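Structure first, commentary second.
There are 2 protein chains.
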Amino acid sequence: MDERAALALLARELEFAGDDAAIIDGLVITTDMLHDRTDFPDGTTRYTAGWRAVGASLSDVAAMGAEATAAVAAYAAPEFDPEELLGFVRGARDVCERVDAKYVGGDLDGHDEFTVTTTAIGHTDDPVPRSGARAGDLVCVTGTLGRSAAALEFFERGDDAALDRANELFRFEPRVAAGRALAPHATAMMDSSDGLARSLHQLADASDCGFAIESDPVPIADALLEVAADDDVLERATTFGEDFELVVTLPESALEAVQAAIGVDLTVLGHATAADHGITLDGEPLADQGFTHGG
Amino acid sequence: MDERAALALLARELEFAGDDAAIIDGLVITTDMLHDRTDFPDGTTRYTAGWRAVGASLSDVAAMGAEATAAVAAYAAPEFDPEELLGFVRGARDVCERVDAKYVGGDLDGHDEFTVTTTAIGHTDDPVPRSGARAGDLVCVTGTLGRSAAALEFFERGDDAALDRANELFRFEPRVAAGRALAPHATAMMDSSDGLARSLHQLADASDCGFAIESDPVPIADALLEVAADDDVLERATTFGEDFELVVTLPESALEAVQAAIGVDLTVLGHATAADHGITLDGEPLADQGFTHGG
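Chain order of the listed sequences is A and B. Using the working numbering, you'd call the opening residue of the first sequence number 9 and step up by one each time. Using the working numbering, you'd call the opening residue of the second sequence number 9 and step up by one each time.
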């Protein structure tokens, strides 16, 4: 049974909403496990790992349109090297500071493989679900896509300068403030951690709609343009994922107000359609293809 | 660097309170990672694993004197077997129900070793620290000690009846209601997850006091009496740990009111002393010996 089938099984058992985070009485909770083999390429510093792991959970809070309150992490490694441990904690603390949340510690554990589980807590009285997109809504994305895809190229190069660049690209800005600005207007929202294509499929499934988007406006990260072949850029930007941007639908009438308030680029990619349209890029079907976590 | 040294390093870096859980604006958060090699003996069912892992985090909430709100878990395994996964989730949900908390799901991840990280959330406006014990306070423990030590014996026997018994002993009752009843009177509190002896040392360190306890009243679990040699019972009950009972100090004047309200046995073991007395059992020094997690 693969991860997606297992998630579907659990959704039936637990009556999950299937959103980025669980909500109970306005309290937002989300947890993620990351580990060496699948999530941290060789050359990832522990500072970057702490930032990225905690950032991934904060991104789930952002995707609900919630404010972020606090985060904790369980840190497991074959040995506890003081410098690595402090690096991790400082990365975790710094990413929390960026979104006005507190990093309040966690647990240590001995483990054969470097493994971290992060949990973020937030609050909102008015969460944005994945299920509210309606035909005619605009579909937009924050920031740029392809940072993480580019980072992998730099990790593979492996020299010091490339590793610095890779680590910098891996430390993304969780879109908590953007999520707060979007929340009053957004009809559906999630983060792009599995890639734009898969995010659109997930929003379409939850909202019972389709999407028609264009390739021209897709905001590509400069770093990806730098490392990827021209004919490869768009696919990698739309399917690689792990960029932790927000994919959001909203009525066209709200666009101007949102863009004035959001504090980050918000790019209109196209619009939501009736479900029978399916999901298209430049009029062609866009496959449900992307990053499967924890594989 | 071992786990205790690493925790001390982090305490300096993060200015942790060093309590069982972090608190921010009345919100209680605690996270724990458990895994196959160190925490789940052969024969532990996934139902028991779910119960016990989530229960361990709920026990940390209880140790703050807080009410428990919700729990999440990240579940990682080499493969997702539907029966195992549902077993885990049902155990997690059932232990939450016991303490009026909601199990709200979590994350799935592929991993070489079965590994779970649980996070529990609670609330209290008046947390009980580890640092408030004063000379003259009574020191007490809830329930009985030695259930988990006994469970290990049954796991080792390995026949079906023994494994059933072991699993039952491993599914403990998180002392959330007891913690709530103790909170208005307790001067210091923590859970006994590292064993009674180590808990007393930790409370003494945090409170700058000593403890004089007697062996006679130590409440031994029937199951441990059944499996352990007479001359071994007391040491195992006081050092094995993993029983998730509450170790608490309170003024003698509060004892009667607490015992009427607590709904579980609360045994007086002795009293807190000045720090220079150290920690004694029947007048002899009690070593800081116990279970080190995640070793």
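Glycine included, C-beta positions come from ideal geometry on N, C-alpha and C. Values in this document were obtained by computation on a predicted structure and should not be read as measured data.
Which of the three DSSP states is assigned to B:T56 in this structure?
helix
Report the start-end ranges of each alpha helix (DSSP H) in the region 213 to 288 of chain A that is 4 residues or longer and not cut off at the edges.
230 to 235, 238 to 247, 263 to 269
Secondary structure of B:E87, DSSP reduced to three states
coil
Straight-line CA distance for B:D115 to B:D27?
26 angstroms
Taking 8 angstroms as the threshold (C-beta atoms), are B:L211 and B:T257 in contact?
yes
Does any residue of chain A bring its CB to less than 8 angstroms from the CB of B:L15?
yes
Among A:G140, A:R20, A:L254, which one has its Cα closest to the Cα of B:R98?
A:R20
Cβ of A:H193 within 8 angstroms of Cβ of A:A265?
yes
In the DSSP assignment, find the beta strand (DSSP E) that holds A:L35 and state where it starts and stops.
35 to 43
Start and end of the alpha helix (DSSP H) containing B:A185?
184 to 190
According to the neighbour-count rule (16 or more other Cβ atoms, all chains shown, within 10 Å of its Cβ), is B:L169 buried or exposed?
The residue you asked about is not Leu; residue 169 of chain B is Ala in the sequence shown. By the neighbour-count rule (16 or more Cβ atoms within 10 Å), B:A169 is not buried but exposed.
Do the region 247 to 262 of chain B and the region 140 to 160 of chain B touch if we need at least three Cβ pairs shorter than 8 angstroms?
yes
Euclidean distance between Cα positions of A:D40 and B:G278:
43 angstroms
Less than 8 angstroms between the C-beta atoms of B:G95 and B:T127, yes or no?
no
When the distance is taken between beta carbons, is B:S156 closer than 8 angstroms to B:L177?
yes
What does A:C148 pair with, by DSSP beta-bridge criteria?
A:V256, A:V276
Of the residues B:A229, B:T125, B:H209, which one's Cα is nearest the Cα of B:A220?
B:H209
State the start and end residues of the unbroken alpha helix (DSSP H) segment that holds B:A158.
155 to 165
Members of the region 66 to 97 of chain A near chain B, C-beta cut-off 9 angstroms:
T77, A78, A79, V80, A81, A82, Y83, A84, E87, F88, D89, P90, L93, L94, V97
Find the nearest neighbour of B:V69 within the set B:D89, B:A30, B:P49, judged by alpha-carbon distance.
B:A30
Reduced DSSP secondary structure (H/G/I, E/B, other) of B:L208:
helix
Using a Cβ cut-off of 8 angstroms (strictly closer), state whether B:H285 contacts chain A.
no
Identify the contact partners of A:G166 in chain B, using a Cβ-Cβ distance below 8 angstroms as the criterion.
Chain B residues near A:G166: none, gap ~25 angstroms exceeds 8 angstroms.
With a threshold of 8 angstroms between beta-carbons, can A:M198 be considered close to chain B, or not?
no
My output table needs one value for A:A74: the three-state DSSP class, helix, strand or coil.
coil
Residue(s) in a DSSP beta bridge with A:E117
For the sequence presented, residue 117 of chain A should be read as Asp rather than Glu. Note: A:D117 sits in a beta bridge opposite A:A84.
For B:E161, I'd like the list of residues in its chain whose CB is within less than 6 angstroms of its CB, leaving aside the five on either flank, ordered along the chain.
V235
Do you know whose CA, among A:T77, A:L35, A:M72, lies nearest A:G191's CA?
One point to set straight first is that residue 191 of chain A is Ala, not Gly, in the sequence displayed. It is A:M72.
Note down, in chain order, each residue of its chain lying with its Cβ closer than 8 angstroms to the Cβ of A:H119, except the 5 sequence neighbours on either side.
A84, A85, P86
Compare the C-alpha of A:A141 against each of A:D213, A:D102, A:T132 and name the closest.
A:D213
Where does A:R12 land, buried or exposed, given buried means 16+ other C-beta within 10 angstroms?
exposed
Quick check: the Cα distance between B:E222 and B:D290, rounded to an integer number of angstroms?
5 angstroms
Terminal residues of the alpha helix (DSSP H) in which B:D168 lies
168 to 178
Expressed to the nearest angstrom, what Euclidean distance is found between the alpha-carbon atoms of A:Q267 and A:R183?
14 angstroms
Min CB distance B:D37 to chain A below 8 angstroms
Here residue 37 of chain B is Ile; the residue named in the question, Asp, does not match the sequence. At least one chain A Cβ lies under 8 angstroms of B:I37.
Are there 16 or more other CB atoms within 10 angstroms of the CB of A:E164, so buried, or fewer, so exposed?
exposed
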